[in-house]
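Counting from 1, one number per residue, gives the positions in the sequence shown under full-length UniProt numbering.
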Amino acid sequence: MPQPRAELPGFYYDPEKNRYFPIKGPIPGSSRSSSKLITQKSPQTTLFTQERKSSCRKLRNSMSKLLQARELDGHVIASKSHSCKCNFTEEFRKIQASQPVVWKYRGTDGINFSALEQMHIDVQTEGGQYKTDVLLSGSMNGSLSFSEIGRVGQRFDGALEWTPHCVKNYVKRKADEQNEMPGPVYSPNSLLMSSGISCIRKCSSQAANDSPIVGHALFTTLGSETSGGSVYTIGINEPLDLGPGILNTWSSIEEVASFKCTLWTAEHDYNRHRAVIGTNRGAASVDLETGTTSWFLRCKSDVFAQQIVNSGNVILCGLRNGAIVTVDFREKRERLSSRFIKHRIPYSSSNKKAGSSNKEWFELTGDIYPSHTIRMPRSISCLLSLQFDDQYFLASSMDGSMKLYDRRLLQRGAVQSYEGHVNSHTRVQLGVDPAERFVMSGGEDCSLRVWSIKSGELLFEDKFSDSVLSTVCYQTNKSFKEENENQNKHQSSLGAWLGSRDGLFYMHWP
């Protein structure tokens, strides 16, 4: 019979990994009173927070001054805050980003959204076939649902109707104008999976037309105490029946592969017809046609985040220990053998005494480039590569750090930092707008923040949710247009869905 492990102050024991881990903050899922958080803040931190919020308010109130400056100075204007010349269009977009309208959907409280993807698909009904926008959403309780967006008058027997109401309006005009109101969301049915939905990835518009995965979406389940996680695909190339019959809606779901471990994240590699998964045992590639699994990274630290860059040739893996590891799939020397090469990666400890020459290491086995490995202070929360130049990627850490890196200059450190993010233990998704000008993220203080990717400037910061906004999905086309009614004509060119434990939100910029 195994002997009980001794309790060490400030540490907890993980029986699966057979080691102790330091307790560096609140246990995930535990509640923290807001009064306790306030008392722990130092005067300097409080002053810094007030200065940030004051800066955001000034930005939202400077539209008229910006227009006046353009009349006097032309397209290139003088910026008092930056003591330099600025481009009018860029400054205008920053002000616009600081003035969203936020809607919350009634009836979504307690769903605990964990993944969101908006899609444009064909839907089949008794009245015929039509194209519409749908939201594929997953929750931590295992619920998966297709919800139709904004078709007033379209009804499904027994469907849940989520209606929007404005919770924040930062634009200086009435919040209930009809042309600003998004449409309702109809959720005819949902499918309950064996465990929570850890991620959803839709097929890229850049995938080749002859690809066997065109018209498919990918999603994964996290796994539970009794079963591991799984990789699934769902066909969306044929018209979907969103009626009350579950079999009609979900008949195209296929389980590609199952695992005896936790699936934290996954990415869709469109060029190689595969999924790349991150687990508590490492990272692997899964062929979406055959289900064949090939492990390319083994480590004792969970893979929390991944990104596929350079047309699938390079994969970034973000680990629990704060490391960001680069895997190059053009190098196949290790996969030709059944044995992986072991790598010892050195890193500098933030707790190391000044003048100490002791080095710390962690071990990995797999197809990695040790020289391309960097480390953030705490566990990696999210990785996100930029499409306009995928040499650049955003990374966030569970110490509140958020940075922009250039893969060609990794050892020189970050090329941009984003101040104000609040995170200590939560996996929070980053969201980048389609034009890749801004990055947004929720924080553990339940606030949402928006930064300029280029300048690092904090453009928006406010709280409108009672829980962490952990998932985000940008609207990529002009949607919500109601064909038969004058209301709900929302056609904003920029909008984003936000999900939290307490509900579904929609943020748009008129």
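Note that CB positions come from ideal geometry on N, CA and C, so glycine has one too.
Start and end residues, beta strand (DSSP E) containing residue i
i    : result
F505 : 503-508
A305 : 303-309
Q382 : The question names Gln, but residue 382 in the sequence shown is Cys. Per DSSP, C382 belongs to the beta strand (DSSP E) from 380-385.
Y392 : 392-397
S224 : From DSSP, S224 is part of no beta strand (DSSP E); its letter is neither H nor E.
D440 : With the sequence shown as reference, residue 440 is identified as Met, and Asp is not the correct amino acid for it. From DSSP, the beta strand (DSSP E) with M440 extends over 438-442.
F146 : 143-149
T471 : 469-475
R449 : 447-452
A284 : 282-287
H421 : Note, H421: premise wrong, no beta strand (DSSP E); not H, not E.
Q129 : 128-139
C199 : 197-202
V102 : 101-106
E461 : 458-463
C-alpha gap between residue i and residue j, whole angstroms
i    : j    : result
R437 : N169 : 22 Å
K353 : Y20  : With a pLDDT of only 46 at K353, under 50, the local geometry of the prediction cannot be trusted, and no value is derived from it.
V185 : E161 : 6 Å
K342 : E363 : 7 Å
T45  : V468 : For T45, the predicted structure reports a pLDDT of 49, less than 50, and the residue's modelled location is therefore unreliable. The matter cannot be settled from this model.
K266 : A97  : Residue 266 is actually Ala in this sequence, not Lys. Their Cα atoms are separated by approximately 30 Å.
D433 : Q124 : 31 Å
A283 : H268 : 14 Å
L504 : D399 : 26 Å
S424 : M402 : 12 Å
H273 : E289 : 7 Å
Q118 : S139 : 15 Å
T262 : L384 : 21 Å
R501 : H120 : 26 Å
D287 : A275 : 7 Å
S227 : R449 : 36 Å
S311 : T326 : 14 Å
G142 : F88  : 47 Å
G127 : T249 : 17 Å
E483 : T132 : Caution applies to E483, whose pLDDT of 39 falls short of 50 and renders its modelled position unreliable; the value that the coordinates give is listed next. In a straight line, the C-alpha of E483 is about 11 Å away from that of T132.
F146 : L242 : 7 Å
P182 : G223 : 35 Å
S356 : I345 : Its pLDDT being 47, under 50, S356 is placed unreliably by the model, and the measurement read from it follows with that caveat. Taking the straight line from one Cα to the other gives about 18 Å.
W264 : C317 : 12 Å
E93  : G495 : It should be pointed out that residue 93 corresponds to Arg in this sequence rather than to Glu. In a straight line, the C-alpha of R93 is about 14 Å away from that of G495.
S350 : E360 : For S350, the predicted model reports a pLDDT of 48, less than 50, meaning its position is unreliable; a value from the coordinates is still stated below. S350 and E360: Cα-Cα distance of roughly 11 Å.
I27  : T426 : The predicted position of I27 is uncertain, since its pLDDT is 36 and thus under 50; no value can be drawn from it.
N18  : R298 : 16 Å
I253 : H216 : 9 Å
Test item: CB-CB of residue i and residue j under 8 Å
i    : j    : result
E444 : V422 : yes
T293 : A257 : yes
V102 : M440 : no
F296 : G366 : yes
I380 : I324 : yes
P370 : G322 : no
I197 : T221 : yes
S452 : D462 : no
Y418 : Y405 : no
G499 : F113 : yes
Residue i beta carbon near the ligand MN (any heavy atom closer than 7 Å)
i   : result
E90 : Among the components modelled here there is no ligand, and therefore nothing to report on the ligand MN.
Integer-rounded CB distance, given that residue j should sit under 8 Å from residue i
i           : j    : result
W497        : L136 : Going by Cβ atoms, the distance from W497 to L136 rounds to 11 Å, so no, they are not a contact pair.
L144        : S190 : 6 Å
residue 512 : A115 : Nothing about residue 512 can be reported from this structure: the residues present for the chain run from 1 to 510 only.
Q429        : S397 : At roughly 14 Å, the Cβ-Cβ gap does not stay under 8 Å, so Q429 and S397 are not in contact.
V309        : D390 : 4 Å
G420        : L458 : 5 Å
L410        : I374 : 5 Å
Span of the alpha helix (DSSP H), counted from its first residue to its last, around residue i
i   : result
I91 : First, the residue type needs correcting, since residue 91 is Glu and not Ile in the sequence shown. 88-97 is the extent of the alpha helix (DSSP H) around E91.
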